[in-house]
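Same order as they appear, the protein sequences are chains S and F.
Numbers given in the numbering used here equal positions in the first sequence, counted from 1, plus 1302.
Numbers given in the numbering used here equal positions in the second sequence, counted from 1, plus 561.
Using N, Cα and C, we set each Cβ at its ideal position, and we do this for glycine too.
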Amino acid sequence: MKDVLGSLAGWGVNVAIALTALRTNLMRSILTTLGVMIGVFSVILAVAVGNGAQVSVSQQIATLGSNMAIVVPQPDSGSGPPRPSDRGRLTERDGQAILREVSGVSTVAPQIRNSVQIVTPGRSATTQATGATPEYGVVSNITASEGRFLTQSDVGSAARVAVIGETVANKLFPETIPVGETIRINRVPFTVIGLLESKGSNLGNDNDDQIVVPITTLRQRLLTTAAQGPDDVTLIFVGFEDEDSLLSGQKEIERLLRDRYRVAKGKINPFTVRTTTEIAETTGEVTQIFQAVLVAIASISLLVGGIGIMNIMLVSVTERTREIGLRMALGAKRSDIRNQFLVEAAVLCVIGGAIGLSLAILAASIFERIAEFPAPIGLDTAILAVAFSAIIGLVFGGYPAIRASRLSPIEALRSE
Amino acid sequence: MTTLLLETHDLVKDYAIGGEIVHAVNNVSLSIARGEFVAIMGASGSGKSTFMNMIGCLDIPTSGTLLLDGIDTKTLDSDALAEIRNRKIGFVFQQFNLLARTSALDNVAVPLIYTGIGYTERRRRAQDRLEAMGLANRLQNTPAKLSGGQQQRVAIARALVTDPLMLLADEPTGALDTQISLDIMGIFQKLNDDGITVVLVTHEPDIAEYAARRIVFRDGQVIDDAAVKSRRRASAA
Chain S
1303 MKDVLGSLAG WGVNVAIALT ALRTNLMRSI LTTLGVMIGV FSVILAVAVG
1353 NGAQVSVSQQ IATLGSNMAI VVPQPDSGSG PPRPSDRGRL TERDGQAILR
1403 EVSGVSTVAP QIRNSVQIVT PGRSATTQAT GATPEYGVVS NITASEGRFL
1453 TQSDVGSAAR VAVIGETVAN KLFPETIPVG ETIRINRVPF TVIGLLESKG
1503 SNLGNDNDDQ IVVPITTLRQ RLLTTAAQGP DDVTLIFVGF EDEDSLLSGQ
1553 KEIERLLRDR YRVAKGKINP FTVRTTTEIA ETTGEVTQIF QAVLVAIASI
1603 SLLVGGIGIM NIMLVSVTER TREIGLRMAL GAKRSDIRNQ FLVEAAVLCV
1653 IGGAIGLSLA ILAASIFERI AEFPAPIGLD TAILAVAFSA IIGLVFGGYP
1703 AIRASRLSPI EALRSE
Chain F
562 MTTLLLETHD LVKDYAIGGE IVHAVNNVSL SIARGEFVAI MGASGSGKST
612 FMNMIGCLDI PTSGTLLLDG IDTKTLDSDA LAEIRNRKIG FVFQQFNLLA
662 RTSALDNVAV PLIYTGIGYT ERRRRAQDRL EAMGLANRLQ NTPAKLSGGQ
712 QQRVAIARAL VTDPLMLLAD EPTGALDTQI SLDIMGIFQK LNDDGITVVL
762 VTHEPDIAEY AARRIVFRDG QVIDDAAVKS RRRASAA
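As structure tokens, then:
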């Protein structure tokens, strides 16, 4: 215990000696610190931006809804001229079959998506219309913040009603809440029955720039292309009870649809089934690689900062050889001399690290405000930064410090 | 416990200079008892400084035996030697060797850092020593704001702060004028009267006359070792 206290007191002395030495060469100390500061700054900012990308992606995944599979028709892009049988198709009946025959499925939400032109007196907007059923709201976590969402009877009666996203509402009705207003979608009058709860934007993709209408209404009144069959849909969201049934369900859906479309063995599926888990995984991997590359580049500047520390510490040891000799004559052990220079390097690095961290926090908050891109710096990142810069100090200060401690007392004392 | 503070037997220090071996100290055997005041004399290159560096544990003998306070220094590692320098020996140098930009008080306290004494106690002991050297009103002065004589007194205070058995002074008056040199010799004599062993290296014969015993080196060997006949006294400043 006494030893521990003694060594702590020893470190305190070393910090005091280090601060005096650093103050003596103030300009040099500042410039050296600058290297570490820039290094820590860029590493932290890279970590923050990477974290931000991950947060953003997981937000995007969350807006899709969890435990969900997305079934999309996939036209056969093989060789030869396209034949009608090659064209990927997906129908509402496929959806009903999935609900009926695949285990663990809780909801299916068939949708038709189409670009539409909306007009109100004096204003207009182009946006994407999703023809959907009430299940769409359930599967993808969409509710109405004002008014109401679609009901079964809206779909049954092919009612001309629309639930509109915030971005659309702001374009068309900048001053009022639009519930109850009439809008013309592709010249057909619709009544606005609700406002979609905002899902924000992620990675430049505005989730609020859309409207939702009954799938029946969209098919009867808004589809301009007659090429599709009466039952065709653009895609189907399939909601599962839990993650396990999602994993097995993906295969079951593929088997079922191959059966239904009589896809011959060896031919590829004319549709794709992707799960939210897969999407999360691949995008997660991509953002992780993105982050790793960023951090790797930033680490180079930290390395350069560390080499700067080593350089300056070697100069410092050479300049103070006589002082080292004197301290040895007065009773300093080799370890005392080594620690003195280690602490000096560590102090330089920790100061640089702390300043770099503060600047990174500042830059991240500016970045968040300007680019509307989250760049969170957590406590763990902060601790990591300071620990990292201290380690840089120990590693790059280590060699000069050991060199100082190996000097012979008499030769050090004799040097000029 | 022996009254001998220092004993050397066939002490040798060789240097290789330009491929040739030079015997800087060549088979020196002598002993110094507690409480002695010894002046080591000789021309430059006579080996007196090398000898002093070895008995100060700053340099390691090539061969021979060095007993310090009964301990054979051959058996000691660098940490143990550092401890001996810290606790048993106080060094005074020609060029004072004070830390620049550091107050007199902090300079004197440096050895106590390595003894492991706490901050408050360090400063208390350092202050006591400086006051004993008549520097009570110079505690916070940095070396640049002290005269040569004052700086050497700070250095002596530093040498004494760990209560060593022996003061080793290497040309302590070499950078000082005659009157100040006299003051410094007075301080050494007073310290010696109080019981501390003083070993002084000098090339000035009249400075050596303040010591009680004179050892003369030439070509790495002792050519004369006798009591000073008409010893001079300097009144302490």
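Ranges of the beta strand (DSSP E) found wholly within the region 683-763 of chain F, counting only runs of at least 3: Qualifying beta strand (DSSP E) stretches, in chain order: 727-731 and 758-763.
Does residue 1412 of chain S come out as helix, strand or coil in the three-state DSSP assignment? Assigned with DSSP and collapsed to three states, residue 1412 of chain S falls in strand.
Using 8 Å as the threshold, is the C-beta distance between residue 1539 of chain S and residue 1346 of chain S below it? Not a contact, by the Cβ cut-off of 8 Å.
Buried/exposed call for residue 1672 of chain S, threshold 16 Cβ in 10 Å: It is exposed - the Cβ of residue 1672 of chain S has fewer than 16 other Cβ atoms within 10 Å.
For residue 698 of chain F, does the count of other Cβ atoms within 10 angstroms reach 16, so buried, or fall short, so exposed? By the neighbour-count rule (16 or more Cβ atoms within 10 Å), residue 698 of chain F is not buried but exposed.
Can you list, in chain order, the residues of the region 663-692 of chain F whose Cβ is nearer than 8 Å to any Cβ on chain S? Cβ contacts with chain S come from 663, 671, 672, 674, 675, 676, 677, 679 and 680.
Just verifying my parser: in three-state terms, what is the DSSP assignment at residue 1419 of chain S? It is a strand residue.
Would residue 1315 of chain S pass as an interface residue toward chain F - the criterion being a Cβ-Cβ separation below 8 Å? Chain F contact via Cβ: present.
Tell me which same chain residues have a C-beta within less than 8 Å of the C-beta of residue 604 of chain F, skipping the five on either side of it? So the list reads 764 and 779, once near-sequence residues are dropped.
Output the boundary residues of the alpha helix (DSSP H) element that contains residue 1438 of chain S. For residue 1438 of chain S, the enclosing alpha helix (DSSP H) begins and ends at 1436-1441.
Interfacial residues, the region 638-650 of chain F to chain S, with Cβ spacing under 8 Å: Answer in chain order: 639, 640, 643, 644, 646, 647 and 648.
Give me the residue from S/1481, S/1451, S/1443 and S/1489 with the minimum Cα distance to residue 1428 of chain S. Checked all of S/1481, S/1451, S/1443 and S/1489; the closest Cα to residue 1428 of chain S is S/1489.
Under 8 Å (Cβ pairs) to chain S, residues found in the region 716-741 of chain F: Here the close residues are 719 and 723.
Can you give me the C-alpha to C-alpha distance between residue 1649 of chain S and residue 1327 of chain S, rounded to a whole angstrom? Rounded to whole angstroms, residue 1649 of chain S to residue 1327 of chain S spans 14 Å at the Cα level.
Helix, strand or coil for residue 1344 of chain S? Go by DSSP, reduced to three states. It is helical.
Return the first residue and the last residue of the beta strand (DSSP E) that residue 1516 of chain S is part of. First-last of the beta strand (DSSP E) with residue 1516 of chain S: 1512-1516.
Would DSSP call residue 1532 of chain S helix, strand or coil? If DSSP states are grouped into helix, strand and coil, residue 1532 of chain S belongs with coil.
Identify every residue that forms a DSSP beta bridge with residue 591 of chain F. Beta-bridge partners of residue 591 of chain F (DSSP): F/569.
What residues are listed by DSSP as bridge partners for residue 602 of chain F? DSSP, once it has assigned bridges, lists F/763 and F/777 as partnering residue 602 of chain F.
Just to confirm my understanding: we take residue 1415 of chain S, look at its own chain, exclude 5 residues before and 5 after, and list those with CB closer than 8 Å. What are they? Taken in chain order, the residues that qualify are 1430, 1431, 1432, 1433, 1536 and 1537.
Note down the Cα distance separating residue 671 of chain F from residue 635 of chain F, rounded to an integer number of angstroms. Going by the C-alpha atoms only, they are around 27 Å apart.
Spatial neighbours of residue 1647 of chain S within its chain, please: C-beta separation below 6 Å, excluding the five flanking residues on both sides. These residues qualify, in order along the chain: 1611, 1615, 1695 and 1699.
Which of helix, strand or coil does DSSP assign to residue 1476 of chain S? DSSP places residue 1476 of chain S in coil when its eight states are reduced to three.
Can you look up residue 1483 of chain S in the DSSP assignment and give me helix, strand or coil? Note: residue 1483 of chain S maps to coil in three-state DSSP.
Near residue 1419 of chain S, which residues of its chain fall below 7 Å by C-beta distance, leaving aside the five closest residues on each side in sequence? Correct list, in chain order: 1426, 1428 and 1488.
Own chain residues within Cβ distance below 8 Å of residue 592 of chain F, not counting five before or after: Counting only Cβ-Cβ distances below 8 Å, and skipping sequence neighbours, we find 565, 567, 568 and 569.
Compare the C-beta of residue 658 of chain F against all C-beta atoms of chain S and say whether one is closer than 8 Å. Cβ-Cβ to chain S under 8 Å: yes for residue 658 of chain F.
What in chain S is Cβ-close to residue 780 of chain F, meaning under 9 Å? Near residue 780 of chain F there are no residues of chain S at all, since even the closest Cβ is about 21 Å away, more than 9 Å.
Using a cut-off of 8 Å between C-beta atoms, extract the partners of residue 743 of chain F located in chain S. Contact annotation for residue 743 of chain F against chain S: no contact, minimum CB-CB distance about 26 Å [criterion: below 8 Å].
May I ask you to report which of helix, strand or coil DSSP gives residue 1598 of chain S? In this structure, residue 1598 of chain S counts as helix in the three-state DSSP scheme.
Taking 8 Å as the threshold (C-beta atoms), are residue 722 of chain F and residue 690 of chain F in contact? Closer than 8 Å, so yes.
Distance between residue 786 of chain F and residue 1618 of chain S (C-alpha atoms, nearest Å): The straight-line gap from Cα to Cα measures roughly 44 Å.
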